[in-house]
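As you go down the protein sequences, you meet chains L and V in turn. Per my numbering, the first sequence starts with residue 251, numbered consecutively. Per my numbering, the second sequence starts with residue 4, numbered consecutively. Each residue gets a CB set at the ideal place from its N, CA and C atoms; glycine is no exception.
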Amino acid sequence: MNTPPDSILLLGIGNLLWADEGFGVRCVEAFNAQWTVPAQVTVLDGGTQGLYLLPYLTAARRLIVFDAIDYGLPPGTLRLVENAEVPRFMGVKKMSLHQTGFQEVLASAELLGQLPEEMLLIGVQPAELDDYGGSLRPQVRARVPEAVALAVERLRAWGVDLQPAAAPSSVLNDDALALAGYEAGRPAPDEAWRMGDLRFHPDAC
Amino acid sequence: MGVYETQGFRLDNTGKRVVVDPVTRIEGHMRVEVNLDENNVIRNAVSTGTMWRGLEVILKGRDPRDAWAFTERICGVCTGTHALTSVRAVEDALGIDIPENANTIRNLMQLNLYIHDHLVHFYHLHALDWVDVISALKADPKATSQLAQSISSWPKSSPGYFRDIQNRLKKFVESGQLGPFMNGYWGNPAYKLPPEANLMAVTHYLEALDFQKEIVKVHAVFGGKNPHPNWLVGGMPCAINLDGVGAVGAINMERLNLVKSIIDQTKEFIEQVYIPDLLAIASFYKDWLHGGGLASQAMLSYGDIPQRANDYSGANLLLPRGAIINGDLSRIHEVDIKDPEQVQEFVSHSWYKYADETKGLHPWDGVTEPNFVLGKNTKGSKTNIESLDEEGKYSWIKAPRWRGHAMEVGCLPRMVLGYLQPKEYPFIRETIDAVLTQLDVPVQALFSTLGRTAARGIETLYCANLQVEQFDKLMANLKAGDLATANIDKWEPATWPKETKGAGFTEAPRGALGHWIKIKDGKIDNYQAVVPTTWNGSPRDHKGQIGAFEASLLDTPLAKADEPLEILRTLHSFDPCLACSTHVMSPDGQEMTQVKVR
């Protein structure tokens with residue numbers, strides 16, 4: 251793949267079906283609704299895809315990635331991590347292609363000698379992960395605008411010409427998965443069991 | 004439990020217990036416990052899925068036309084396959100026929116996913132069970148070049164090329180950042196390849212890593228976007244205009260040519276790299292024929308890749324359908340996923356509750372009510388299980404059975420079913436025979452870990468050929484003037500019956516996948532999925548019958564009791580996927596497989 255000198259990947263990763271794990275995807279969704287980007291920038295909902303993301307990663311000179319990360323900080327805390335520190339913060343235990351965490355995708359890009367030259371991780375400390383079908387918790391949701399603003403600031407620092415989206419631009423997701431539809435369509439707790447693995451919720455037994 | 008016999012296996016859990024948790028290089032979270040005898044041979048195996056999930060909890064009450072989008076998010080591997088199964092289930096429920104082009108495009112998407120999945124599985128998840136990365140550093144690049152040129156005409160094979168790769172690898176290893184090569188049992192005596200074969204395989208690991216990026220571009224063309232392509236109840240959401248221009252809007256000749264070129268390159272890579280590597284590696288492990296498990300006696304495939312649209316009968320499927328039971332290879336049983344007597348799920352050893360746990364439930368009547376209780380011989384606590392009690396409930400996976408039988412699903416059953424029907428599937432028969440001849444092993448060798456791994460390679464080659472055929476078929480139909488890709492006659496819920504139900508099937512790369520849906524007043528009333536790893540990773544049932552993973556581990560000797568290389572090798576050969584996702588990880592958190600010998 252040709253790598254133009256100014257190509258940038260704006261990536262959200264995580265599983266939107268697991269509450270705050272959806273933070274990364276919701277951030278790119280929010281960004282995409284507010285901003286129009288020039289051709290050099292790819293805005294991508296990476297979901298839990300592992301090696302499927304490799305072509306996008308290796309095609310980029312610069313990377314901004316949103317994700318929920320366990321920093322051991324109070325829930326809802328935003329933290330930025332830069333460059334060589336990024337892989338260390340993205341655990342192997344994460345989802346994706348056969349447990350290929352994003353860290354492994356980064357390692358694979360490095361093996362190929364095609365790791366982005368600059369990387370910024372905008373991470374949030376999640377409040378709740380074990381809620382299948384659930385959405386962002388209030389303290390995490392509240393940080394989405396700030397996370398998007400940080401990305402905007404960094405993109406501008408990189409010289410990217412961002413324009414506010416005239417009309418709500420095309421959504422990244424199927425409507426049913428976009429935040430509003432996803433939350434509105436959730437079945438009530440008495441209709442469908444919501445608890446995750448009970449080993450992590452012994453009090454629910 | 005002590006000692007008992009089931010399905011021709013003898014189980015004995017009196018020896019020392021080894022716990023492997025988690026099993027790495029798979030999707031999701033899985034744990035296995037085995038008992039070893041005094042010679043470190045596995046005499047009992049307990050496989051458990053440690054995460055709970057359920058589609059019904061998120062889909063109930065939603066629009067059935069959206070279900071595919073949710074199922075695509077279950078995990079990062081079978082995305083497209085789940086979406087395809089979902090739209091087929093809804094189309095079945097609503098009686099929707101799809102256009103011929105939609106069927107062909109879906110086939111192309113599915114075949115493409117197979118090839119990608121199998122290739123990535125072989126090189127990036129499974130090869131490291133056979134290939135010692137660290138040993139590759141000791142290889143002589145010149146001898147590696149001679150080896151490579153003796154087995155393939157693939158041009159990248161000079162001594163200088165292998166020397167460069169070796170240096171890159173050395174640098175990577177010396178940097179201490181092993182990345183994907185972490186968690187390996189390098190130097191274990193169960194690795195048999197000479198350094199040169201290891202270097203060749205690691206080199207192709209890198210080439211495959213680079214090449215897999217090309218394969219998935221086909222999904223972006225037909226699915227509109229990647230990595231989550233779009234699907235549509237009633238067809239495919241892509242318009243075609245052969246005379247169009249540009250990279251957006253309707254699919255035009257330019258993009259179809261791109262697809263064609265990827266398909267051709269893919270076939271070349273499979274023929275010149277994957278298959279020769281597979282044969283070369285296998286030739287050093289011919290004596291290691293463990294891991295057959297249920298394969299010789301009970302196998303199931305739903306079949307896939309319909310030649311003509313809307314005909315889901317077995318005879319119309321290019322990937323074979325059928326069931327083998329009781330080890331009788333002379334009889335292929337018909338499979339019907341809507342028959343309540345055929346596919347049933349049991350929960351007597353699963354963390355769920357039924358009114359009567361000696362009975363199984365067909366997925367249309369499926370119930371998912373958690374019941375997390377542990378057997379009385381469990382060691383540890385509910386939140387920290389040291390070892391499980393397989394006499395009690397011990398897994399979040401249900402136990403699906405076909406007419407009461409535990410079954411293996413996946414590439415090996417598909418290829419064996421093809422082998423047994425040479426008239427219908429001549430390519431499969433001929434290719435398997437050629438592989439057996441070249442390796443000089445009998446046909447029974449198929450029923451092993453290595454056989455499963457070989458079947459996956461053979462299937463990849465078959466799919467690469469089918470991809471060419473399906474593309475030609477699409478082009479012929481388009482050029483004949485048929486451009487239809489979707490049927491939206493029954494798009495509006497007003498046209499639907501008040502209550503209806505349907506079932507959709509595919510063969511995911513790792514095996515039989517079914518979705519069962521009930522629709523009421525235009526909304527999803529119940530949705531159940533039985534996924535391939537539920538079959539293979541099934542716990543015991545009320546009769547004590549073991550599942551495919553458990554059976555496959557029995558009687559395998561471990562070279563070292565505290566390095567479960569052979570266990571990983573066999574489990575990986577199934578390409579397990581315990582889709583579940585996710586717990587975030589603390590910085591520096593390294594999830595090395597823990598092996599505890601008790």
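Tell me, please, whether the CB atom of residue i is closer than 9 Å to any CB atom in chain L?
i                      : result
residue 608 of chain V : What is shown of chain V runs 4 to 601, which leaves residue 608 of chain V out entirely.
residue 334 of chain V : no
residue 123 of chain V : yes
residue 127 of chain V : yes
residue 171 of chain V : yes
residue 552 of chain V : no
residue 165 of chain V : no
residue 175 of chain V : yes
Beta-carbon within less than 6 Å of residue i's beta-carbon, same chain only, minus the 5 sequence neighbours each way: which residues are those?
i                      : result
residue 349 of chain L : Because the pLDDT of residue 349 of chain L is 42, which lies under 50, any placement of that residue in the model is unreliable, and the number read from its coordinates should be weighed accordingly. So the list is empty, once near-sequence residues are dropped.
residue 319 of chain L : 339 and 373
residue 347 of chain L : For residue 347 of chain L, the pLDDT reaches just 31, beneath the cut-off of 50, and the residue's location in the model is therefore unreliable, leaving the point undetermined.
residue 152 of chain V : 160
residue 14 of chain V  : 7 and 47
residue 194 of chain V : 135
residue 561 of chain V : 43 and 569
Can you name, in chain order, every residue of its own chain whose Cβ lies under 8 Å from the Cβ of residue i, other than the five neighbours on each side?
i                      : result
residue 265 of chain V : 217, 218, 220 and 221
residue 434 of chain V : 461, 464 and 465
If I measure Cβ to Cβ from residue i and keep anything under 7 Å in the same chain, skipping five residues before and after, which residues do I get?
i                      : result
residue 224 of chain V : 254, 258, 261 and 262
residue 319 of chain V : 309, 310 and 311
residue 288 of chain L : 410 and 411
residue 521 of chain V : 367, 504, 528 and 529
Going along chain B in order, which residues have a C-beta closer than 9 Å to the C-beta of residue i?
i                      : result
residue 450 of chain V : No chain B is part of this structure, whose protein chains are labelled L and V.
Of the residues the options, which one's Cα is nearest the Cα of residue i?
i                      : options                       : result
residue 84 of chain V  : V:41, V:66, V:249 and V:308   : V:308
residue 494 of chain V : V:522, V:68, V:578 and V:276  : V:68
residue 22 of chain V  : V:12, V:524 and V:33          : V:33
residue 545 of chain V : V:75, V:401, V:507 and V:373  : V:401
residue 410 of chain V : V:14, V:321, V:12 and V:538   : V:538
residue 281 of chain L : L:311, L:428 and L:265        : L:428
residue 245 of chain V : V:479, V:526, V:302 and V:579 : V:479
residue 72 of chain V  : V:131, V:175, V:143 and V:236 : V:236
residue 435 of chain L : V:423, V:59 and V:378         : V:59
residue 491 of chain V : V:271, V:430 and V:98         : V:98
residue 547 of chain V : V:175, V:158 and V:393        : V:393
residue 273 of chain V : V:465, V:173 and V:562        : V:465
residue 150 of chain V : V:101, V:102, V:445 and V:202 : V:202
residue 510 of chain V : V:9, V:89, V:16 and V:51      : V:89
residue 394 of chain L : L:255, L:284 and L:362        : L:284
9 Å is my cut-off, CB to CB: does residue i come that close to chain V?
i                      : result
residue 450 of chain L : Confidence in residue 450 of chain L is poor, its pLDDT being 35 and thus under 50, which makes the residue's placement too unreliable to answer from.
residue 345 of chain L : Here residue 345 of chain L scores only 36 on pLDDT, less than 50, and its place in the model should not be relied on; the value that follows carries that caveat. By this cut-off, residue 345 of chain L is an interface position.
residue 360 of chain L : yes
residue 400 of chain L : no
residue 423 of chain L : yes
residue 299 of chain L : yes
residue 426 of chain L : yes
residue 325 of chain L : no
residue 305 of chain L : yes
residue 409 of chain L : no
residue 366 of chain L : no
residue 295 of chain L : yes
residue 437 of chain L : yes
*asked:* Along the region 204-232 of chain V, where does the CB come closer than 7 Å to a CB of chain L? Name the residues.
replied: 209, 212, 213, 215, 216, 219, 229, 230 and 231
*Selection of the region 55-87 of chain V by Cβ proximity to chain L, strictly under 9 Å*: 55, 56, 57, 59, 60, 61, 62, 63, 64, 65, 66, 68, 69, 70, 71, 72, 73, 75, 76, 77, 78, 79, 80 and 82
*Does the pairing of the region 199-217 of chain V with the region 272-286 of chain L give three or more beta-carbon distances under 8 Å?*
no
*Assess, as a yes-or-no matter, whether the region 309-317 of chain L is touched by the region 390-408 of chain L under the definition of 3 or more beta carbon pairs within less than 8 Å.*
yes
*asked:* Closer than 7 Å between beta carbons: that is the criterion. Which residues of the region 375-395 of chain L meet it against chain V?
replied: 376, 379, 382 and 383
_If contact is defined by three or more beta carbon pairs under 8 Å, each pair taking one atom from either stretch, is the region 125-138 of chain V in contact with the region 520-530 of chain V?_
no
*Looking at chain V, which residues of the region 263-293 of chain L have a Cβ within less than 8 Å of any of its Cβ atoms?*
264, 265, 266, 267, 268 and 271
_For the region 281-288 of chain V against the region 227-235 of chain V, do three or more pairs of beta-carbon atoms, one drawn from each stretch, fall closer than 8 Å, so that the two count as touching?_
no
*asked:* Does the contact criterion of 3 or more C-beta pairs under 8 Å hold for the region 382-394 of chain L versus the region 267-276 of chain L?
replied: yes
*Check whether the region 343-357 of chain V touches the region 371-383 of chain V, taking contact to mean three or more Cβ pairs, one atom from each stretch, closer than 8 Å.*
yes
*asked:* Any contact between the region 321-332 of chain L and the region 358-366 of chain L? By contact I mean 3 or more CB pairs, one from each, below 8 Å.
replied: no
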